[in-house]
Amino acid sequence: KLYRGEASIKGSLPIGAIPSTHGSGSEVDRFAVLSDSKTRSKAAIVSTKIRPIYAVLDPRITATLPPRLSGATVVDALSHALESFVARNANPVSRCYAREAIHLIAKGIGELMKSGWGELRVRAYFLNAAMLAGAAIDISRTTLVHALEHPISYYHPEIHHGIGLAALLPAWLDYVESVVPELIREIIEPLQKVVGGQSPSQTVKNVIKVLVGETITLEKLGVDEDEYKLIAEDAMRYLKALVLNNPRLPKNVDEIVDLLRKASSE
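Counting in our numbering, the sequence shown runs from 3 upward without gaps.
Structure (structure tokens):
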């Protein structure tokens, strides 16, 4: 009932959070994402009453995550920071959190390339970045990237959320860059200094390759082109608020389908 909007949250016991991944930022935000077979949706309960009142960030807790899963969770934090920085609901505070999150991700990427996942400092950088990016989206929310990834991983639960985002992010950056070029350049620059890239989308592809070992596409993930329209329609059906938070507003479902096609290949 809470998920479907049939009841409201009147209160909760005090929540303390100890994150075991460096991705979601749930330890500082007001969202609880669930999948619901009745409504064929993957969306969030949203309430400040479920925001934790304290969080303990200890990178040692993340140390048993396998490398690819470790990297996939960081892609989630990366996406939170990028999306919140350019979101229509962004403000100076959310951008401050997002900017610092990207700086920490850039430091973590540089250290990861030198020392690998066994270096605890790598995980500390990413854990703090995920927290800051979570604080950013708590203010600004996310955008079209998350509006598309949630239907994808609803229909393909075998696809990790971060891996789904990895397939979408480069195409999304190409899609929004013309509308907010200065913001995109600013937020991408710390990453570009570490991994290079002739364009923002290429820089993010390079980051993803460092984190998960390869470039990700929808085709590689087994998302067929005949699913794209349903995914786009679902984004408009139950995540329209995120679509409308995108810096560039899609004119129609076909425009979203075209973005998904671009995310299907390298």
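Backbone N, C-alpha and C fix where the C-beta goes; we use that ideal spot for every residue, glycine too.
Chain C within 8 angstroms of residue i, Cβ atoms only
i	result
I233	Given the protein chain composition of this structure (a single chain), no chain C is represented.
When the options are compared against residue i, the one with the closest alpha-carbon
i	options	result
L213	D60, D78, I154	D78
I63	H24, K211, Y99, K44	H24
G120	T219, S266, P69, R32	P69
V197	G110, I218, D38	G110
V58	E216, I107, A126, L71	A126
V124	H152, V76, A168, S26	V76
K253	L146, S43, I20, E227	L146
S39	V178, P159, A132, G73	P159
Separation of residue j from residue i, as counted between CA atoms
i	j	result
R90	V181	11 angstroms
I165	L15	33 angstroms
S22	A234	32 angstroms
S10	I47	10 angstroms
V209	L175	14 angstroms
Q194	L36	34 angstroms
A173	L261	6 angstroms
P249	L185	11 angstroms
L171	G118	24 angstroms
I218	S266	9 angstroms
H163	P183	27 angstroms
Nonlocal neighbours in the same chain, by C-beta distance under 6 angstroms from residue i, ignoring five residues either side
i	result
A100	A83, S86, F87, A138
E102	L134
DSSP three-state assignment for residue i, whether helix, strand or coil
i	result
V48	strand
For residue i: DSSP bridge partner residues
i	result
A19	A57
S43	D38
Chain-order list of residues whose beta-carbon lies under 7 angstroms from that of residue i (same chain, five-residue window excluded)
i	result
A34	A46, I47, I52
I154	I161, G166, V225, I233
M238	V245, V255
L241	A45, A149, H152
Heavy atom of the ligand FAD within 7 angstroms of residue i beta-carbon
i	result
A83	Questions concerning the ligand FAD fall outside what the structure shown contains, since it holds no ligand whatsoever.
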